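Q: In our numbering, the protein residues as written are 1 to 419.
By construction, the Cβ of each residue, glycine as well, lies at the ideal position given by its N, Cα and C atoms.
The structure presented is a predicted model; accordingly, all values stated were derived computationally and were not measured.
The structure's right below; bear with me while I get my questions together.
Below, the structure written as C-alpha cells:
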C-alpha cells in the first residue's frame, strides 16, 4: 500500500510521509505536521541532487512562491509582527511544495494513494466521531435522570433525550477532531474520485454511502451547494437516457433527504432574518458570516492597494466589528471567512490577483471534463466560505493538491481524475 522504490530511498520516504500526513489530516490539527515537515525536508534534498532545467517546466506552479513572496512583503507594513510571523511560518508549504513537485517523480499509482490514505483517514474519523457522539449521548442520559415508562412524562423524557442525543451527531458536535468545513472538503474530493467511475463492488457502495451520510451529518451548507453542482454535472455527463432518468430520480430523492436536515431550515431562517437584528445582538453563525463579509468589504474599500499586512488583518477586522456593533463577531475575533476577501485584506489587489489567477488557470486546465471541473468547483467554492489559507491544514492541503492538478504533465488530472 505504501510507496516503494528500492533505488531511491529519499523519494520513497517522501511519498510515504505524504501518505501518512493525508491519513492524519481528518484526525487532528497537529498530527500530520511532523510528516509534512519530513516530506518538505526530503523534497528539498531531492531538488539539490537532481540535475535538470526546471524553470520552464509547469511555469504556473511559480505563482505559489510568488504568492508567498507577496505575503512576506506585507510584513513590512504590518504592526503585529508576531501574528504575521506565525502565519508566514504556516505558509512555508506554499513556497516549498510547488517547487518540490517540479523535481519529484510521480506516477498514477503514487498520486492515487494520496486519495486512498485520505479516504482511510476520513473513515476512521467518522467512526471516532460516531463513538464520541454515542458516549456524549449516554452521558447526557445519565445526567438528566432519563426514565422510560408508559406515561406522558415518560414519552416527554424519551423525546427530550432523543432530540438532545441527535444534536451530538450534527455539525460541529460531530466533528470533534478538526473543523467540520475541512472534513467536508476532504469528503467531497474523495467522492469526486469515486463517483467518476462505476462502482465495482459492495465495499465501494458502502464507502460512498458512509461518505454521503458523514457529509449529511456535518451539515455544511457550502458542502451541500458543491455536492448539488457535482451531482448535476454527473447527471448531465450520462449519455444513456434510461440511466440519466434513474440518476435524476435518485438525485431529487437525495435533495429531499438533505433538505430535511434541520440545519438547512435553520440556515434559511437565520439568513432571511438578517435585517431584523443586523447589529450588536446578532448571534447566529449565518448572520455572523454575512456581517463578517460586510465588514471585510468596507475595509477593502479603505485600503485596496496594499491591504493591511498578514499580521494586522484580523486586528483591523476586530476593530471594525466593534465600530459596526457586530458584538458576536467582535467577541469571537472572526477572520474574513472567505479566502479571497482575506487575501485582499492581507495583501491588497496584488495578492488577490495572484490567487484569482491560480484558480482561473486551474479552471481552464480542468474545463475539458465535467468530472474534472467538479474538482475545481470543490476547491474554488470552498474558499468562498472559509479562509483556508490561514490554518496549516488548509494551507498544506492546497499547496499539494492544486500544484498536482496544474502540472503540465499532471498525473492527478490526466490519469486519476479524468479516468
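Using 10 angstroms around the beta-carbon of residue 289, count the other beta-carbons present and answer buried if the total reaches 16, otherwise exposed.
A: Answer is buried; the Cβ neighbour count reaches 16.
Q: Closest Cβ-Cβ distance between residue 365 and chain D: below 7 Å?
A: Chain labels in this structure do not include chain D; a single protein chain is all it has.
Q: For residue 38 and residue 17, which I take to be in contact (beta-carbon distance under 8 Å), what is that distance rounded to the nearest angstrom?
A: Correct: roughly 4 Å between the Cβ atoms.
Q: Going by DSSP, what residue range makes up the alpha helix (DSSP H) through residue 43?
A: Segment 33-49, the alpha helix (DSSP H) holding residue 43.
Q: Are residue 190 and residue 119 touching if we call contact CB-CB under 7 Å?
A: Closer than 7 Å, so yes.
Q: How many angstroms separate the CA atom of residue 210 from the CA atom of residue 339?
A: Taking the straight line from one Cα to the other gives about 29 Å.
Q: As a quick exercise: from 81, 116 and 50, pick the residue whose alpha carbon is nearest that of residue 20.
A: Taking only the C-alpha atoms, the option nearest residue 20 is 116.
Q: Helix or strand or just coil, what does DSSP make of residue 403?
A: Helix at residue 403.
Q: Just verifying my parser: in three-state terms, what is the DSSP assignment at residue 78?
A: Looking at residue 78 - three-state DSSP - the assignment turns out to be coil, as it is neither helix nor strand.
Q: For a quick check, are the C-beta atoms of residue 352 and residue 380 less than 7 Å apart?
A: No.
Q: So, with DSSP's three-state summary, where would you put residue 238?
A: The answer is coil: DSSP assigns residue 238 none of H, G, I, E or B.
Q: So what does DSSP say about residue 376, is it helix, strand or coil?
A: Reduced to three states, the DSSP call for residue 376 is helix.
Q: Hey, is the region 60-74 in contact with the region 33-47, meaning 3+ C-beta pairs nearer than 8 Å?
A: Segments in contact, no.
Q: Kindly confirm or deny that the region 398-407 and the region 96-103 touch, where touching means at least three C-beta pairs closer than 8 Å.
A: Short answer: they touch.
Q: In whole angstroms, what is the alpha-carbon distance linking residue 394 and residue 222?
A: Distance between the alpha carbons of residue 394 and residue 222: 16 Å.
Q: Closest to residue 224 by C-alpha separation, out of 318, 184 and 32, would be which residue?
A: For the residues 318, 184 and 32, the minimum Cα distance to residue 224 belongs to 184.
Q: Can you give me the Cβ contacts of residue 180 inside the same chain, cut-off strictly under 7 Å, excluding the 5 residues immediately before and after it?
A: Result list for residue 180: 171, 172, 218 and 220, in chain order.
Q: Taking 7 Å as the cut-off, decide whether the C-beta atoms of residue 335 and residue 387 are in contact.
A: Yes, Cβ-Cβ distance for residue 335 and residue 387 is below 7 Å.
Q: Going by DSSP in three states, residue 222 sits in which element: helix, strand or coil?
A: If DSSP states are grouped into helix, strand and coil, residue 222 belongs with the helices.
Q: With the cut-off set at 7 Å, would you say residue 316 and residue 308 are in Cβ contact?
A: It is a contact, given that the beta carbons lie within the stated cut-off.
Q: Using the Cβ count rule (16 or more neighbours within 10 Å means buried), how would you classify residue 367?
A: The residue is exposed, with fewer than 16 neighbouring Cβ atoms inside 10 Å.
Q: What did DSSP end up calling residue 29 once you bin it into helix, strand or coil?
A: The answer is coil: DSSP assigns residue 29 none of H, G, I, E or B.
Q: Which residues bound the alpha helix (DSSP H) around residue 365?
A: Element bounds for residue 365: 339-366.
Q: Look at the alpha carbon of residue 78 and the alpha carbon of residue 347, and state the distance between them as a whole number of angstroms.
A: Between residue 78 and residue 347, the C-alpha separation is close to 10 Å.
Q: According to the neighbour-count rule (16 or more other Cβ atoms, all chains shown, within 10 Å of its Cβ), is residue 342 buried or exposed?
A: Burial call: buried.
Q: Can you name the start and end residues of the alpha helix (DSSP H) that residue 15 belongs to?
A: Start and end: 9-24.
Q: Answer with buried or exposed for residue 230, where buried requires no fewer than 16 other C-beta atoms within 10 angstroms of its C-beta.
A: Residue 230 comes out buried.
Q: Just how far apart, CA to CA, sit residue 87 and residue 362?
A: In a straight line, the C-alpha of residue 87 is about 25 Å away from that of residue 362.
Q: With distances taken Cα to Cα, identify the nearest neighbour of residue 354 among 70, 249 and 29.
A: Residue 70 is the option with its Cα nearest to residue 354.
Q: Return the Cβ separation of residue 32 and residue 122 in integer angstroms, given the expectation that the two are a contact with Cβ distance under 8 Å.
A: At roughly 13 Å, the Cβ-Cβ gap does not stay under 8 Å, so residue 32 and residue 122 are not in contact.
Q: What do you get for residue 59, buried or exposed, if any count of 16 or more other CB atoms within 10 angstroms of its CB means buried?
A: Residue 59 should be labelled exposed.
Q: For residue 321, report the span of its alpha helix (DSSP H) as first-last.
A: Per DSSP, residue 321 belongs to the alpha helix (DSSP H) from 313-323.
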